[in-house]
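Here the sequence shown is numbered in the UniProt record's numbering, starting from 1 and rising by one per residue.
The beta carbon of each residue, even a glycine, is placed where N, CA and C say it ideally should be.
Inspection log for the structure reproduced underneath, given as structure tokens.
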Amino acid sequence: MSGRVLLDSLPYVDNHLEAPGVAAAVEALIADEKAAMAAAGIVPSALRRATASDPAAPQVEKPLFDGHPVLADLYARTARGEKLDALDRRRYRLEPPMAPDSRSDDADDDDEPSAAAIAAWRAAVDNARVQLAHQETRRAELALVQRFGGTAFRAANAQLAAAVAVAEAEAARAVAATQAVNRKRKADQLLAGKRLDAIEMRSRQALANIVRIQAGMLLAEATAGAAAGATS
């Protein structure tokens with residue numbers, strides 16, 4: 001019994017809903033059953049219709065930029081309507097350091113620059129090195145894109161086209177399989193409907209025969225009783 005499938009409806013055969021008032025009655029019964037199930041808590045709240053006017057709509061919170069605190073902070077500030085800071089262009093400049101005093105206080109005429117001046121110049125040199133390294137990286141990347149970018153983009157487009165073709169072929173096969181199942185389902189149900197009509201007709205004929213037999217038996221009993229009363 002576990003491997004059997006019970007079909008209690010034949011949508012291609014049953015036409016009871018076409019009768020006047022039946023469809024409305026069925027919809028009313030379905031609505032009443034849904035309301036009763038929701039009131040009893042059988043239907044999960046996540047399956048209820050999520051609308052702004054529905055107080056029972058689930059509040060789904062999806063963390064954005066998880067693991068990226070900087071982006072999360074920028075998103076939160078944008079959501080609050082705060083104005084974001086403009087792009088800081090100072091780190092892209094190559095300006096000489098502005099040391100307040102380039103020489104130490106206790107130095108002679110041939111003294112060396114102060115520690116603050118040396119630190120400022122070292123910071124400026126480090127900044128220049130970082131910018132040069134960044135520019136070199138960008139130059140190398142642009143050279144690679146110029147040399148191999150077209151081929152890479154064409155290969156990526158070919159891969160996407162192949163993926164689209166595979167997806168379309170799978171979709172076409174799924175549609176064909178669905179249509180085949182629906183056609184077989186309709187044919188099976190129409191055949192089952194004819195068999196059910198034949199069985200129903202035989203049942204009605206058998207019932208009519210039983211009624212005629214019972215009526216004949218009652219008539220025979222009444223005739224026999226009348227004859228017995230006349231002879232007595």
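| Check | Outcome |
| --- | --- |
| Taking C-beta to C-beta, are Y75 and K186 nearer than 7 angstroms? | no |
| Please say whether A128 and L94 have beta carbons closer to each other than 7 angstroms? | yes |
| Compare the Cα-Cα distances from K83 to each of R89, D73, A227 and report the closest residue. | D73 |
| Are the stretch 12 to 23 and the stretch 180 to 198 touching, with three or more C-beta to C-beta distances below 8 angstroms? | yes |
| Identify which residue in Y92, M201, I118 has its Cα closest to the Cα of residue 251. | The structure shown does not extend to residue 251, since the chain spans only 1 to 232, so no value can be given for it. |
| On the DSSP letters alone, give me the boundaries of the alpha helix (DSSP H) that L29 sits inside. | 22 to 39 |
| Helix, strand or coil: how does DSSP classify residue 244 here? | Any answer about residue 244 is impossible in this case: the structure gives the chain only from 1 up to 232. |
| Suppose you measure from the CA of R49 to the CA of I30; what does that come to, to the nearest Å? | Here R49 scores only 49 on pLDDT, less than 50, and its place in the model should not be relied on; the value that follows carries that caveat. Each residue's Cα considered, the two are about 16 angstroms apart. |
| Taking the beta carbon of A172 as the centre, do at least 16 other beta carbons fall within 10 Å, making it buried, or is it exposed? | exposed |
| Please report how far the alpha carbon of S114 lies from the alpha carbon of D126, in whole angstroms. | 18 angstroms |
| Return the CA-CA distance between T151 and L144, expressed in angstroms with no decimal places. | 11 angstroms |
| Would you give the residue range spanned by the alpha helix (DSSP H) that Y75 belongs to? | 69 to 79 |
| Can you look up K184 in the DSSP assignment and give me helix, strand or coil? | helix |
| Leaving out five residues on either side along the sequence, give the residues of the same chain with a beta carbon under 8 angstroms from the beta carbon of T78. | L84 |
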